[in-house]
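Colleague:
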Amino acid sequence: MLTIELARRLIESGVEWTPSTGDRFVLSVPGMEGDVFVISELTVDVHHFASGDVLGFNGTTEWALDSIEQSKVIWLPREDQLRELAGDGFVSLERIEGGYAVVLRTRSGVLERCVDIDAERAYARAVLLRQNDERGERTVEGNDEGAA
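Following this note's numbering, the numbering of the sequence shown begins with 9 at its first residue and continues without gaps.
#1: Just to confirm the assignment, what range does the beta strand (DSSP E) spanning ARG143 have?
#2: How about CYS122 and ARG115: do their beta carbons lie closer than 8 Å?
#3: Taking DSSP's pairing of strands, which residues face ALA109 in a bridge?
#4: Where does VAL23 land, buried or exposed, given buried means 16+ other C-beta within 10 angstroms?
#5: Would you list the one or two residues that DSSP bridges to LEU84?
#6: If contact is defined by three or more beta carbon pairs under 8 Å, each pair taking one atom from either stretch, is the region 23 to 41 in contact with the region 73 to 87?
#7: Would you identify the three-state DSSP class for ASP74, choosing helix, strand or coil?
#8: What does DSSP give as the partner residue(s) for ASP61 in the beta ladder?
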């Protein structure tokens, strides 16, 4: 699963999130980042207001938290969402010894490998690479440069 650190880096890199059913997130509150929530019409749904989106907790009698501003949560994108964020530069996902590698084509046509212990983390690194590439910045750590 995606780490909180990588999820924060995705946010810092400019990845935008429009909350929808099935999305996972954690509260950016000390002591609460270990609890993963899932948006569902049954328990957590999105309320759209002019001032910003709010995630509402429905039917949670054991919790005093009714809602929280979207800016106070950390989105944990799923593998399919990360693959979509990788965009047209996505070439492949490879199973390698000890993990996975996502191969991504940069704007200059160079193939880069983003490696991590699971597919979501490798995809997240590829998205960070893509974000950096679009800004003309260098790669993120954890990449094996010059993939074939």
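For glycine and all other residues, C-beta sits at the position ideal for the given N, C-alpha and C.
Just so we're clear, the structure is a prediction, and the values are computed from it rather than from any experiment.
Modeller: If we stick to the structure as given:
#1: Unbroken run through ARG143: none, as it is neither H nor E.
#2: no
#3: GLU102, VAL123
#4: With 16 or more other Cβ atoms within 10 Å, it is buried.
#5: ARG32
#6: Segment contact: the region 73 to 87 against the region 23 to 41, three or more CB-CB distances shorter than 8 Å; contact assigned.
#7: coil
#8: HIS56
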